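Take a look at the structure below.
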Amino acid sequence: MRPRPPIKGRGIFSGTGLIITGLTATLLAMIFPIWSYADRSGTGFDVLNADTVSTGYGPLSALDRDFITKVRLAGLWELPAGQQARQKGTTPAVRTAGEHLIEGHTFLDERVRDVAAKLSLQLPNEPTEQQQEWLATLDSAQGVEYDRQFANILRLAHGKVFSVVAQVRASTRNSLVRELADDANSTVLDHITVLEATGYVDFDALAQDMVAGSTPPLTPAPAPPGPTLDPAPAVPVTPPPSPTYTLPPAATSPRPEDTEGS
């Protein structure tokens, strides 16, 4: 029995079919992630919408609420730190940085309480455990060691919140939060400037801490659930009156005469 001759063109058609099959599989692989994740819960847009509530000033997201809480918490510990620096600082630059903290957070605390009242949000009245530990560290430090601890702890904290302010300012859809972010941005930048002007900031250690994330965020607690009908009032901070001050000159290190006798 003679074998059947091969059909001409079968190899060509088989190769073409394999190519088409391969292209189809590639196209499906590209489309599948888009199809499978576009409408599934847990995606960025889904989380944003689920955590956002409507207000008369625009949508209020979880990030917005967390930011409002952070602004309040910052004042609850940085204002006492500023008062302390005004008394314990051994150089004019450190004492001036304390004055900036007092005035800046007095202003921001009034602003954040006004924003929270308009949005029916409840604010904390005590610093976090981490912030209380920072204050305890400053309480126990004396002399030049106090100056160094003050400058570096406060500079690290301000650096962390600075990135949060930028993120909120860039993404918020709420007009009150946007205005508060503007105020917070100016205040935080001013505080960073005066802290660095003390000459005590260790930028190498600061960079390592920022990268390693060894210090927890200012508030590890979740954002408030949303507006409430009758939020508990936030107790205003009431610092003693302080004189008008100006920005201290930039310094690379404290002058020897400023630290004598410390």
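Mapping the sequence shown onto full-length UniProt numbering, position 198 (from 1) lands on 198, and the numbers just tick up by one. Glycine residues also receive a C-beta, built at the ideal position from the N, C-alpha and C atoms. Owing to the predicted nature of the structure, the values given are computational and were not obtained by experimental measurement.
Secondary structure at residue i, three-state DSSP: helix, strand or coil?
i                : result
valine 237       : coil
residue 271      : Residue 271 is absent from the structure shown; the chain starts at 1 and stops at 262.
valine 168       : helix
leucine 60       : strand
valine 53        : strand
threonine 128    : coil
aspartate 202    : coil
glycine 143      : helix
phenylalanine 67 : helix
leucine 123      : coil
threonine 219    : For threonine 219, the pLDDT reaches just 45, beneath the cut-off of 50, and the residue's location in the model is therefore unreliable, although a value from the coordinates is still provided. Coil, per DSSP.
proline 80       : helix
glutamate 75     : Reading the sequence as shown, one finds glycine at residue 75 and not glutamate. In the structure shown, glycine 75 sits in a helix (DSSP, three-state: H, G or I).
glycine 89       : coil
Here's a check: name, in chain order, each residue in its chain whose Cβ is nearer than 7 angstroms to the Cβ of residue i, leaving out the five neighbours to either side.
i             : result
alanine 141   : Gln149
alanine 234   : Arg72, Arg113, Ala116, Leu123 and Asn125
aspartate 147 : Gly89, Thr90, Thr91, Val94, Thr198 and Tyr200
aspartate 51  : Ser61 and Ala62
valine 161    : Lys70, Ala74, Val188 and Leu218
valine 165    : Ala181, Ala184, Asn185 and Val188
Looking at C-alpha atoms only, which residue of the options is the closest neighbour of residue i?
i             : options                           : result
arginine 65   : Leu176, Trp77, Gly104 and Thr96   : Leu176
alanine 185   : Ala136, Leu76 and Gln167          : Inspection of the sequence shows that residue 185 is occupied by asparagine rather than by alanine. For the residues Ala136, Leu76 and Gln167, the minimum Cα distance to asparagine 185 belongs to Gln167.
alanine 74    : Gly58, Ile102 and Asn174          : Ile102
aspartate 204 : Ala181, Arg169, Leu156 and Ile192 : Leu156
alanine 136   : Ser120, Val53 and Gln84           : Gln84
aspartate 139 : Trp77, Asp190, Gln208 and Ser171  : Trp77
isoleucine 68 : His100, Glu110, Glu99 and Gly56   : Glu110
glutamate 145 : Asp202, Leu119, Thr128 and His158 : Asp202
glutamine 208 : Leu119, Gly159, Ala181 and Leu180 : Gly159
proline 127   : Ala212, Lys70 and Leu121          : Lys70
valine 211    : Ser163, Thr55 and Ser54           : Ser163
proline 227   : Gly58, Gln87, Leu119 and Ala170   : Leu119
glycine 143   : His100, Gln87 and Leu180          : Gln87
threonine 55  : Glu133, Leu121 and Glu129         : Leu121
For residue i, collect the residues of the same chain with a Cβ closer than 6 angstroms to its Cβ; drop the 5 residues on either side in sequence, then sort them by chain order.
i             : result
proline 80    : none
threonine 187 : Gly104 and Leu108
threonine 172 : Asp64 and Arg178
glutamine 131 : Trp77
glycine 58    : Arg173, Asn174 and Ser175
arginine 169  : Ala181
In the DSSP assignment, the alpha helix (DSSP H) including residue i goes from what residue to what residue?
i             : result
valine 177    : 175-196
glutamate 110 : 92-118
With a CB to CB cut of under 8 angstroms and the five nearest residues on each side skipped, what residues in its chain are close to residue i?
i             : result
alanine 97    : Gly82, Ala85, Gly89, Phe150, Ala151, Leu154, His191, Val194, Leu195, Ala197, Thr198 and Pro248
threonine 106 : Gly75, Leu79, Val237 and Pro239
aspartate 183 : Phe107, Leu108 and Arg111
alanine 53    : Before going on, a small fix: residue 53 reads as valine here, not alanine. Cβ neighbours of valine 53 beyond the five flanking positions: Pro59, Leu60, Gly226 and Pro227.
residue 265   : Since the first and last residues shown for the chain are 1 and 262, residue 265 lies out of range.
glutamate 133 : none
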